[in-house]
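Undergrad: Here you go, one structure.
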Amino acid sequence: MLELKSLTKRFGDKTAVDAATFTVDRPMMIGIIGRSGAGKSTLLRMLNRLSDASEGEILFEGREISSLKGAARREWQSRCAMIFQQFNLVPRMDVVSNVLHGTLNRRSTFATMFNLYPQDDIHKAIEILDRLGIAEQAPKRAEALSGGQQQRVAIARALMQDPSIILADEPIASLDPMNAQIVMDALRRIHEEDGRMVIANLHTLDTARRYCDRVIGMRDGRIVFDGSPEQLTTGVARDIYGAGADFSEAATSTAIETLDRTTAQPVPA
Ligand SMILES: Nc1ncnc2c1ncn2[C@@H]1O[C@H](COP(=O)(O)OP(=O)(O)OP(=O)(O)O)[C@@H](O)[C@H]1O
Ligand SMILES: [Mg+2]
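Going by the UniProt record's numbering, the sequence shown wraps up at 269, each residue one higher than the last.
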């Protein structure tokens, strides 16, 4: 259903993503891992068409995505919703209005200016918030919520678009372990129950192993691993993250949790 063919992004002399090629034939949950600067965000941004590819193609259900323009490009962006590390909510706006922002693409400028939302959309927003366990937060300002709650509001906003794909760029990087788990559980549940594809950039191996059906490892813009969590061995992890990281058998599962991604050196406890 989703096919990337030699997708490449260059910034001047720098090749941020180098001929990324892979096929996804069913709505899986995919984790993308790699050191800082490996090209993970650039890849997601090209998929969502926030950024244009320098070369290559994206096909979704046989349709060419990389060349879509104007309204067709916006329509694609609502079919493939994006979630960010910093949630990107409007802090002073209430939660339900933030969620309703997910419908902006299909509302008129007039309705947007005057904050006019159809009753059906309001019901839908509350239902989604309820599903994510935060319906009681609906009237509060977004800034009054915890990080984990704010990320669930961002997920709710994405779900308002009824997307086929959810792209998440380090969705739990700013969260404590408990909230990280709540957010990853929510993404996994949305994937399983709704059959939506989830592609998430993740900064820890453990999270990728635990939640994803498939893991893609990037290094210096290139895809150096594409397989199941079981295939993600210590040797493979070393190849993705580079020498210098502590990948001894006993340490593998936890060491990378505390890996400084800038240097790939374990952070002293
Ligand atoms: N707008 C830009 N202009 C120039 N270079 C860029 C731009 N965006 C990204 N790059 C470069 O492309 C490379 C890949 O960056 P990208 O943000 O995709 O990495 P990443 O894997 O998401 O890293 P991180 O884990 O730190 O988020 C880096 O070398 C980065 O400096
Ligand atoms: Mg990034």
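Where is the CB? At the ideal position from N, CA and C, for every residue including glycine.
From a predicted model like this one, the values you see are computed outputs, not experimental measurements.
Which full runs of the beta strand (DSSP E) of 3+ residues lie inside the segment 110-181, going along the chain?
TA: Complete beta strand (DSSP E) runs here, min 3: 165-169.
Undergrad: According to the Cβ coordinates, are I83 and I134 closer than 9 Å?
TA: Not closer than 9 Å, so no.
Undergrad: With a threshold of 7 Å on Cβ separation, who are the neighbours of S54 within its own chain once the five nearest residues in sequence on each side are excluded?
TA: Taken in chain order, the residues that qualify are T8, K9 and R10.
Undergrad: Provide the residue(s) that pair with K9 in DSSP beta bridges, ordered along the chain.
TA: Partner(s): V17.
Undergrad: Which partner residues does I58 have in the DSSP bridge list?
TA: I58 pairs with L4.
Undergrad: Under 9 Å between the Cβ atoms of V90 and A125?
TA: No.
Undergrad: Is there at least one non-hydrogen atom of ligand 2 closer than 8 Å to the beta-carbon of K9?
TA: Checking every heavy atom of ligand 2 against the Cβ of K9, none is found closer than 8 Å.
Undergrad: May I have all residues whose beta carbon comes closer than 7 Å to any heavy atom of ligand 2, sorted in chain order?
TA: Result (chain order): K40, S41, D169, E170 and N201.
Undergrad: Can you tell which of E143, T233, A38 and T42 has its C-alpha closest to the C-alpha of R92?
TA: Closest by alpha carbon: E143.
Undergrad: Using a Cβ distance threshold of 8 Å, determine whether the segment 24-32 contacts the segment 196-203, with at least three qualifying pairs required.
TA: Enough Cβ pairs lie closer than 8 Å, so yes.
Undergrad: Hey, how far is the Cα of E64 from the Cα of D220?
TA: Near 26 Å, if we compare the C-alpha coordinates of D220 and E64.
Undergrad: What residue range is occupied by the uninterrupted alpha helix (DSSP H) comprising A72?
TA: Run containing A72: G70 to R79, per the alpha helix (DSSP H) assignment.
Undergrad: From the DSSP output, in three-state form, read off M93 for me.
TA: Note: M93 maps to coil in three-state DSSP.
Undergrad: For T103, is the classification buried or exposed, using 16 other Cβ atoms within 10 angstroms of its Cβ as the cut-off for buried?
TA: The residue is buried, with at least 16 neighbouring Cβ atoms inside 10 Å.
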